[in-house]
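Respectively, the protein sequence lines represent chains A, B, C and D. The letter at position 129 of the first sequence is residue 129 when you use this note's numbering, and the numbering goes up by one with no holes. With positions in the second sequence counted from 1, the corresponding number in this note's numbering is that position plus 564. With positions in the third sequence counted from 1, the corresponding number in this note's numbering is that position plus 1128. With positions in the fourth sequence counted from 1, the corresponding number in this note's numbering is that position plus 1417. Heads up, the beta-carbon is just placed ideally off N, CA and C, and yes, glycines get one too. Here is the structure we will look at.
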Amino acid sequence: MKNTDFVVRFAGEGGQGFLSAAIGFASANTKAGYHAQTFATFPSQITGGPTWMQTRISIDPVLSRGDEVDVLVVFNEYAYETHKNEVKENGFILYDSDQLNIEPSEKVLGIAFEKLAKTTGNARAANMVMMGALAELVGVNLSVLEDFVKERWGDTSRYGEQIVPQNIAALKLGSNEVQDRGFKLAEIEPAKPLNTSQIFLNGNEAISLGAYSAGVEFYVGYPISPATTILIWMEKNLVEKNKFVHQVSSEIEAITAIIGASYGGKKSMTATAGPGFSLMSEGLGLAWMAEIPIVVVDVQRGGPATGLPTKTEQSDLLSSITPAHGDVSLPVVAPGTVEECFYATIEAFNWAEKYQGPVILLSEHGLAERQQNIPKPDINSLKIENRIINQSTDNYYRYESQGISPMPIPGSPGPYVANASEHDKMGDTTHLPERHIEMTERRFKKLEILKDSKYEYINSKSEIILMPWGGSKGPGFEAFEKLQEKNIDIGWAYTMFLNPLPEKLLIELQSKKLVIVPELNYLGQFSSLLRSQGVNAKSITQYTGLPFKVQYLVDQITELSSKR
Amino acid sequence: MKNTDFVVRFAGEGGQGFLSAAIGFASANTKAGYHAQTFATFPSQITGGPTWMQTRISIDPVLSRGDEVDVLVVFNEYAYETHKNEVKENGFILYDSDQLNIEPSEKVLGIAFEKLAKTTGNARAANMVMMGALAELVGVNLSVLEDFVKERWGDTSRYGEQIVPQNIAALKLGSNEVQDRGFKLAEIEPAKPLNTSQIFLNGNEAISLGAYSAGVEFYVGYPISPATTILIWMEKNLVEKNKFVHQVSSEIEAITAIIGASYGGKKSMTATAGPGFSLMSEGLGLAWMAEIPIVVVDVQRGGPATGLPTKTEQSDLLSSITPAHGDVSLPVVAPGTVEECFYATIEAFNWAEKYQGPVILLSEHGLAERQQNIPKPDINSLKIENRIINQSTDNYYRYESQGISPMPIPGSPGPYVANASEHDKMGDTTHLPERHIEMTERRFKKLEILKDSKYEYINSKSEIILMPWGGSKGPGFEAFEKLQEKNIDIGWAYTMFLNPLPEKLLIELQSKKLVIVPELNYLGQFSSLLRSQGVNAKSITQYTGLPFKVQYLVDQITELSSKR
Amino acid sequence: MAEKNNPEYDFKWCPGCGDFGVKKALEAAIKKKTIETEEPILNNVVIAGIGCSGNMVHLLEGEQPYGFHGLHGRTLPVAMGLKSSRPDLNVIVVAGDGDFLSIGAEHIAPQAKRNLDVCVVIMDNAVYGLTKGQSSPTSEEGMITSSTPYGKTEQGFDPLAYYLSLGISFVASGLSSKIKDLSELIYEGMIHPGFSIVHVQSPCTEYNNTYEILKGSPKKGIEPLAKPIDESHNPNDLKQAMEIVDTSNIPLGILYQSKVQPTLTQRFEDLTNKSKQKDIESLLKSYSV
Amino acid sequence: MAEKNNPEYDFKWCPGCGDFGVKKALEAAIKKKTIETEEPILNNVVIAGIGCSGNMVHLLEGEQPYGFHGLHGRTLPVAMGLKSSRPDLNVIVVAGDGDFLSIGAEHIAPQAKRNLDVCVVIMDNAVYGLTKGQSSPTSEEGMITSSTPYGKTEQGFDPLAYYLSLGISFVASGLSSKIKDLSELIYEGMIHPGFSIVHVQSPCTEYNNTYEILKGSPKKGIEPLAKPIDESHNPNDLKQAMEIVDTSNIPLGILYQSKVQPTLTQRFEDLTNKSKQKDIESLLKSYSV
Ligand SMILES: Cc1ncc(C[n+]2csc(CCOP(=O)(O)OP(=O)(O)O)c2C)c(N)n1
Ligand SMILES: Cc1ncc(C[n+]2csc(CCOP(=O)(O)OP(=O)(O)O)c2C)c(N)n1
Ligand code: SF4
Ligand code: SF4
Ligand SMILES: [Mg+2]
Ligand SMILES: [Mg+2]
């Protein structure tokens, strides 16, 4: 029997260089038409420290990191001890016998990566020996890696004549070594033909590209894991005429600066993580009150306060909807996959410009740090919303209508005061009760136009619905498929649009016996939100700093749904 | 028939000095054993601007400001035009004929306050003329005011010999004027004997006294309406050995400074309002994470962002429970009356010290600015909780147990790191999943000990329960009494302890057909919280910047409960 | 909306408040700039802090500029976002001493180091007016206010010395009652290419009436605290400016001006010359498998 | 917990990181102080910022002081709360240049004006270490970092000049590799009665290795940037201190020290002498009807 899917985990010390090999291995396979996803967990220290990364390869799109490990590649003793028990019964452990020694067995195979590499004349091809060995182990055709090598280092003017043949030789050395010793998982099925070209990237890159596609013109931010790479992307790519990007002195400066830029007519965004997001509370209230479109990306990390900067969690949902004092209910869009990171960012901008206010894009460490192939977006088919700008010259009042009103832009007609205090139609402060009523209702009524968003709804007749959100979508859907295989009667609902929820979906959910929400937090934040909206929802929670495993979800869902 | 209750409204221009008269009138009546409550709304400008204040006097404790006005006293044209329609059918309008002229009628009476006062030799006794007239109008015995005058200015060494006889003469002049012209509401019934001595103060003073009684040792804050008067109180009264008070540079400094002081072993507090509260988000998460007891008072004002600084609202509830990113659920205590402001503050300190974390005391502009008589607290009967301090010298670990553990105090044994990052038993940073699970559960488990708090529960068999919170308690209870008079089958539930709710009460509420929540916000924040906890709750909302009127509640409740 | 006529706006300054003078000076400066540059008033944006002073943005009379009245202490970041993305606008910040130097103090140095091209007008009354009379950073040590009933226990903060030490490229000091001089300073600040601050003594008649001290009183034999800078002063000389601040009580005029530092806008333009023009297709292509 | 032994703690500085030297110096200074004052180590509290540098609080070896590892940028307010309410403690702040001078910059001036009696040790590597190499306020203009790929577009911030301009009552400058000197500076800062800052050049070998520039290299003919302050310098002379900062690149030693300003604790004690002792009964009584 052939394999359709396998997981390789690489574990060692940060700085040993195997991380790039892991990504390279994934990338090489995507070039051959396979699907790949990487998953990594980093230590908080800068260099060194126990690190591991896992790559899952499949002939179908990859939904989760994979519960179990088919092949474990270890580079030191500690890594071996920590990870050995996660290898499947019929899996293998490949170790770098230059670095450590393990009692050999039919499961355990040592290869001296660097020593072998040296025989090609290039000691730095050690990674290639490892990859060649791996390809043989998991049954990937060596040509996949050879092609990758040729493309990666093919530019001889840059890399010289030697690198490609040396690396290919190294691949073969590794592959032969495994073959000679008779280790093999199973051949992997050939890749299925894809009808769109693919790109390979992580969630933060997808968000950055999404923002660029949506037409972001102004970005400022303050470094914070795991959002920093968005700042870095922008600093590199938003340096253009009529655009502006800058690292500012704090998140408070960031949030108020993007409000200033948007007030000036520019599509504006910042990205941060929990601690920075909390610092933005007051500014978010200002954008809501003065009705200024902005997009704030919160790439969630673990825990409250400084928390767990390098771990994943979905625990900022409640505070992202009501981050500040007073009556506010901020629109929240939460992507569930790397692909959705791209589209959700565009939707967030569209929402912000349409309803004229702040929108929270709620991503996660687990998405930000995951590398994955996704279909290359078709830029021409994107629907980009742009702000309605006031053109009227006489006696136009920004806040007069009850509903969306065109925004005047400084320099053009219709001057008004953008005011964080309660105000009248021209934006001047007022304390009249009738004005507070009118303006409060105006602000909330605008949310109505966001209620027709898209959602997924499968097996809608079932009385029990599985509805994860954000990055738990992947393992959730894999669990859903497994439950269906088992003929368990369960439906599937999913949307990126968490607040306001798509109206039709909400009405559907309200009629269900039970909505099960897998989510990575303690409080069961989304289910509590659903209950407050009249849905009988119950969470499956996890707060380990890691994503769900599929089997855990299958077990939990089975238990919950049978109780009823 | 005699009266048991009346309302006088004073309206004019800020700075005209009638505000002190209004408070004096209330205070004088409390000295005679009546109950009084004032209600004021101020303009945002500093001097001048339309201002009014209302005083309600009753033979029973006063629950709300009073829906309708028995006597309106006006000092200018604008005030007359603005308020004239709020006078009861059989009420009166008294105006200062030194300042304005109104068509006389059997309802409208003009007196030249200052001109008359001059005849006593003291033009500044104009307020006394007004009060004398008022006493006669509402049927309060003049001796009540005379006694007040004697006490207030009796110190002849300070005020001279003349003031008292002049003021008493002025009172009589006013009173006679009304008598001569035959105006009269009705005699008020004699005051009922009180068995505790009373104090007369506003909500912020009650909070300050409560904090002092609870043993506050450290207070820093930043001015903001309507919380500033707490800072001012502390600056005056917390200047003692082993205590510390200071105006700091921002709310961010305030929140982190009180955390530092509490870490050092001191009972610590700050007070703020919406915008300042939002700035404290990150700090509140720190106190939750590092388990540092603090009390943060949020005196709610109107609106999001800068909002409505001089109006009342109850719209910070949701953001006070989850003010920050990550899994947090902050304990919230919300007083409903001036008296409860005192006791709630003590409870907030008790909670903070008991569960070792931040507690939010959620007050309101409407309580802060209201003057009221309350029974003088019996200091000796108060239950004050103090922190359990580590005494153990060997190998004590602050975060080892699952449950409340004694706190080491710098200078004493048991050094640890108070850490905003996830940590191990000694407070050092760690990223281990098992530690994040353990510590998250530790933090939430501590809330369990707060679930046995007190609550009110009347007519508990009814299927429909009325359950206001905070300052809506007063008008809510008055409405409840009216509904009972009408034999409408409805129960009453109330607690200051909004999060976590008293467990027994919550179980009760979960079994009810409907819980009706009058609250001053748009979102229906408390009912949404109740629904998320399995209670079928529905709000009566109002977002005008003003408190509820009783009749409005009676109508709304009647409608809601009959629909079912 | 050409002229303003707003019956619902309900804030007024107290009689005699220094901010009235600042308002007149600002109106005149904006007018002068629109005339000289022939730009419409709509190209002006006034960004206001929270405080009595910040109400300026609603009280300006005549043809209206754009306005922004946001959060306490956050004028500069809003101005930074607006000006860096819209260099064509004339951006003016108006704020109080509490707003600018206490809760908002963190935002000054960054703009100084970037040389953000906005003009800041500070109304310093050494007190928190709008919250009814607490101490502010510029209140002197020992000063009795509602929040310092036994006297302020912090040294007073010297804003002019602070601005100079940060190398802010235009620093001037004015007095609210000298409207014409003040207007000229604000105008100079607005046309200065870079970060400019006009720090105005604007007394609070309600909580800290310093008119007499500032202007002096020949009758009572009180020397004025605020005096014009000597004509011989060279505003390009930072050292000299610092000495004036050190020795004179409240110097009035332009203390320092430097035009050599590039503005943030110019700095960013330099970057755009260094980087390649991007487009979404080429960006996507760089992620191709 | 006498000695620290914590297998779960998972942060390490990179090989060669300057913070190692600062750690040794700090340990020695604390030790010296506990010996000289015969106070237990438990009277010491180390309040750390967020950054590589802040991990100091977990890495200190030997007998343990108390520690506080809170939020990015908020060391000073925590120290203010702790020290003002517990003047008996020895409070030490350790933070990085980003933590202290960027997001936390607003907190410096207030402590300077109060003369809060804590000792601050800044590990300046002119870069954000923990977030992997972005620019910081002290990075020089034009510096290439991950967040400034075309060069930093802000002027570099001069922390020593800034401290002096605020009148901070003890300002010293050190180098992480000169452990003994540094330890002495920190010790002096700790025993100084008032606000003291020891600003340390502590290179980041990973993202901004400045060892060679700072220490110089006779072999390569590179003059050291960091040089001891001339012995003739009088640290009580603020003007002279400012000149040194202006002219020398990185002066090492005590730049300024003033003992005349009262500390915040002393200031507050003065108040308590002015106010009457209160008790709850008399306070309640003042509200009697
Ligand atoms: C975050 C926040 N904290 C506090 C306040 C309350 N507040 C309003 S104005 C003000 C101070 C005003 O002083 P200043 O800036 O000197 O202006 P002035 O009124 O004296 O002109 C304060 C503290 C607020 N609006 N927001
Ligand atoms: C509010 C907030 N914003 C951002 C961060 C992310 N962050 C952690 S450390 C750091 C900068 C560290 O630089 P520095 O203070 O110079 O310390 P170093 O690592 O260089 O020692 C940042 C931005 C955070 N933890 N909290
Ligand atoms: S309080 Fe002071 S600053 Fe405010 S308006 Fe009145 S005089 Fe002006
Ligand atoms: S990244 Fe730099 S500052 Fe951080 S530990 Fe490594 S060398 Fe030190
Ligand atoms: Mg002021
Ligand atoms: Mg640094």
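Tyr-644 of chain B sits close to Ile-666 of chain B, with the two beta carbons spaced by under 8 angstroms. A residue is called buried when at least 16 other Cβ atoms come within 10 angstroms of its Cβ; Glu-441 of chain A does not meet this threshold and is exposed. Contact note: Ala-888 of chain B reaches chain A through Ser-278, Pro-304, Ser-319, using a C-beta cutoff of 7 angstroms and chain order. Using a CB distance below 8 angstroms, the part of the region 216-241 of chain A facing chain D consists of Tyr-222, Pro-223, Ile-224, Ser-225, Thr-228, Leu-231, Ile-232, Glu-235, Lys-236, Val-239, ordered along the chain. For the region 1656-1704 of chain D, the full-length beta strand (DSSP E) segments reaching 3 residues or more read 1667-1674 along the chain. Phe-1396 of chain C is positioned such that its CB atom lies closer than 8 angstroms to that of Phe-244 of chain A. At least 8 angstroms separates the CB of Leu-201 of chain A from every CB of chain B.
Three or more pairs of CB atoms, one per stretch, sit closer than 8 angstroms, so the region 29-43 of chain A contacts the region 358-370 of chain A. Chain A has no Cβ within less than 8 angstroms of the Cβ of Asp-1575 of chain D. Secondary structure of Lys-652 of chain B (DSSP, three-state): strand. DSSP, read as helix, strand or coil, puts Met-269 of chain A in strand. When distances are taken from the beta-carbon of Tyr-1579 of chain D to the heavy atoms of ligand 6, even the shortest one reaches 7 angstroms or more. The C-beta distance from Glu-911 of chain B to Met-1060 of chain B rounds to 7 angstroms, short enough to meet the 8 angstroms contact threshold.
For Ser-281 of chain A, the Cβ stays outside the 7 angstroms cut-off from all heavy atoms of ligand 2. The beta-bridge partner set that DSSP reports for Leu-1488 of chain D is empty.
For Gln-198 of chain A, the neighbours in chain C by C-beta distance under 8 angstroms run, in chain order, Ser-1416, Val-1417. Per DSSP, the unbroken alpha helix (DSSP H) holding Tyr-723 of chain B starts and ends at 720-723. Per DSSP, the unbroken alpha helix (DSSP H) holding Gly-260 of chain A starts and ends at 251-263. The distance from the Cβ of His-365 of chain A to that of Pro-226 of chain A is about 4 angstroms, consistent with a contact at the 8 angstroms cut-off. Looking at the DSSP output, Arg-620 of chain B shares a beta bridge with B:Val-571, B:Gln-601. Interface criterion met: the Cβ of Val-1474 of chain D is under 8 angstroms from a Cβ in chain B. Taken from the Cβ of Val-239 of chain A, every heavy atom of ligand 5 lies 7 angstroms or farther away.
Straight-line spacing of the CA atoms in Asn-1626 of chain D and Lys-1632 of chain D works out to 11 angstroms.
In terms of CA proximity to Ser-197 of chain A, A:Thr-30 leads the group A:Thr-30, A:Asn-176, A:Ile-507, A:Arg-65. The C-alpha of Ile-948 of chain B lies about 20 angstroms from the C-alpha of Met-798 of chain B. In this structure, the alpha-carbon of Ser-1502 of chain D lies about 50 angstroms from that of Val-1118 of chain B.
When C-alpha distances from Met-439 of chain A are compared across A:Asp-428, A:Lys-454, A:His-423, A:Val-129, the shortest belongs to A:His-423.
Here the region 828-847 of chain B makes contact with the region 810-818 of chain B; the two share three or more CB pairs at distances below 8 angstroms. Relative to the non-hydrogen atoms of ligand 5, the Cβ of Tyr-1256 of chain C comes within a distance shorter than 7 angstroms of at least one. Beyond the five residues adjoining it in sequence on each side, Leu-142 of chain A comes within less than 8 angstroms, by CB distance, of Gly-132, Ala-135, Glu-136, Leu-171, Lys-172, Ser-175 in the same chain, given in chain order.
Counting the other CB atoms within 10 Å of its CB gives Ile-1467 of chain D a total of 16 or more, which places it among the buried residues.
Using a Cβ-Cβ cut-off of 8 angstroms, Pro-754 of chain B does not count as an interface residue toward chain D, since no Cβ of chain D sits closer than that to its own. Close CB contacts of Tyr-783 of chain B within its chain, under the 6 angstroms cut and outside five residues either way in sequence, are with Met-798, Leu-802, Val-809, Met-833 (chain order). For ligand 5, no non-hydrogen atom lies closer than 7 angstroms to the CB of Asp-1147 of chain C.
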